[in-house]
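K.L.:
Dropping the structure in here first, questions after.
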Amino acid sequence: MEYFSNGRVVFIENDKGGWYEKAIFILNKDVNPNRMPKDIVAEAEKIIGNYMKKSKPIYSGRKLKKRSTDWILNGCLFLSIVLFIYFASQIF
1 MEYFSNGRVV FIENDKGGWY EKAIFILNKD VNPNRMPKDI VAEAEKIIGN
51 YMKKSKPIYS GRKLKKRSTD WILNGCLFLS IVLFIYFASQ IF
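One point on numbering: in full-length UniProt numbering, the residue at position 14 of the sequence shown is 14, and numbering is uninterrupted.
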């Protein structure tokens, strides 16, 4: 993980992989100048971790939609097979 600090702006790059790639934090004017940037980065990672724990998965709606699409396609396939057998039995 790399971080760059320019006064009130802290830019964090996560090169290890994980939940986030980059994060930008803009600090308040009343932040203690004695605090080290590493302390601020640790607090930023804690905030990101808490946010990820609270947020819901993004893909839950997509799975439901994919399942319903699969069900419709399977139903159409089954119906076409039944119709094929019916018409084949009428011909012979």
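C-beta atoms are modelled at their ideal positions from N, C-alpha and C, and glycine is treated no differently.
(1) Which same chain residues end up closer than 8 Å to I24 when comparing Cβ atoms and leaving out the 5 residues on each side of it in sequence?
(2) Give the DSSP-derived three-state secondary structure of Y86 in the structure shown.
(3) What's the C-alpha gap between G75 and I81?
(4) What are the boundary residues of the beta strand (DSSP E) that includes F92?
(5) Looking only at its chain, what residues have a beta carbon closer than 6 Å to the beta carbon of I40, apart from the 5 residues adjacent to it on each side?
(6) Roughly how many angstroms lie between the CA atoms of N28 and K16, to the nearest whole one?
P.N.:
With the structure as the only source:
(1) So the qualifying residues of the chain are V9, V10, F11 and I12.
(2) Note: Y86 maps to helix in three-state DSSP.
(3) About 10 Å.
(4) Taken as a continuous stretch (DSSP letters only), F92 belongs to no beta strand (DSSP E), as it is neither H nor E.
(5) Once the five neighbours on either side are set aside, the close Cβ partners of I40 are V10.
(6) Between the alpha carbons of N28 and K16 lies a gap of roughly 28 Å.
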